[in-house]
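Chains A and B, in that order, give the protein sequences.
Counted the way the working numbering counts, the first sequence spans residues 1 to 87.
Counted the way the working numbering counts, the second sequence spans residues 101 to 187.
Data block below; observations after.
There are 2 protein chains.
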Amino acid sequence: MYVILVYDIGEKRVGKMLKHCRKYLNWIQNSVFEGEITEVKLKELLAGSRKIMNEETDSIIIFKSRDEKWLDKEVVGVERMTTDNFL
Amino acid sequence: MYVILVYDIGEKRVGKMLKHCRKYLNWIQNSVFEGEITEVKLKELLAGSRKIMNEETDSIIIFKSRDEKWLDKEVVGVERMTTDNFL
């Protein structure tokens with residue numbers, strides 16, 4: 001399935017969370033990731049995220065679509081993170 | 101149509117952008133909005149956003165789906181902005 005993940009994480013934990021999410025998805029904006037992922041891998045991603053985040057103050061939202069074709073994407077301004085692999 | 105809007109905006113402009121986006125969509129996380137919107141209203145939203153943002157440094161990503169039912173949403177941690185209208 002295709003997912004969009006956005007997080008709002010305390011500054012102290014954000015570096016670790018970024019590194020964790022990038023193992024599974026493409027980083028497209030400051031706190032936004034997207035990509036194809038299996039149910040199993042998504043569970044793994046979220047289990048790992050729960051260990052990093054403070055569930056009382058931090059938040060992660062995942063939008064899931066069975067197919068990427070049901071979503072159009074439009075970018076206004078800089079396309080900062082389109083090539084994720086140069087970092 | 102149903103849209104998810106995420107922005108990455110310089111601190112000086114973020115308050116103005118938040119206020120602008122909330123006229124059109126529901127605020128669900130720090131820099132994330134969602135909701136039903138018409139093509140015309142989305143154009144209006146983006147035209148207004150372009151006036152606020154610095155297109156060389158800031159970015160807005162819009163994911164569009166013809167129907168909300170094609171997207172599942174899962175939240176981990178705090179659901180901060182679910183009731184947008186109390187502010």
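Backbone N, C-alpha and C define an ideal beta-carbon position, used for all residues, glycine too.
In the DSSP assignment, Trp170/B is bridged to no other residue. Note that the C-beta distance between Met17/A and Arg66/A is not below 7 Å.
Interface residue (Cβ-Cβ distance to chain B less than 7 Å): Lys43/A is not classified as such. Counting along the chain, the unbroken alpha helix (DSSP H) around Ile52/A starts and ends at Glu39 to Ile52. Within chain A, the C-beta atoms nearer than 7 Å to that of Gly177/B come from Met53, Glu55, Asp58, Ser59 and Ile60, in chain order. At a C-beta separation below 9 Å, Trp27/A has no neighbours in chain B, since its nearest C-beta there lies roughly 12 Å away.
Residues of chain A with a Cβ closer than 9 Å to the Cβ of Lys164/B are, in chain order, Leu71, Asp72, Lys73 and Glu74. Ile9/A and Gln129/B have their C-alpha atoms roughly 11 Å apart. With respect to chain B, the C-beta atom of Val40/A has no partner C-beta closer than 7 Å.
Between the region 59-79 of chain A and the region 160-179 of chain B there are three or more C-beta pairs closer than 8 Å, enough to call the two in contact. Contact between Glu156/B and Val78/A is confirmed by a C-beta separation of about 7 Å, below the 8 Å threshold.
Looking at Val3/A, Lys19/A, Ile4/A and Glu11/A, the one whose alpha-carbon comes closest to that of Ser49/A is Lys19/A.
Neighbours of Arg113/B across chain A, judged by C-beta separation under 7 Å, do not exist; the nearest C-beta is about 11 Å away. Following the DSSP letters along the chain, one finds Leu118/B in no beta strand (DSSP E) but inside the alpha helix (DSSP H) bounded by residues Glu111 to Arg122. With contacts defined by Cβ atoms closer than 7 Å, Glu39/A and Ile4/A do not form a contacting pair.
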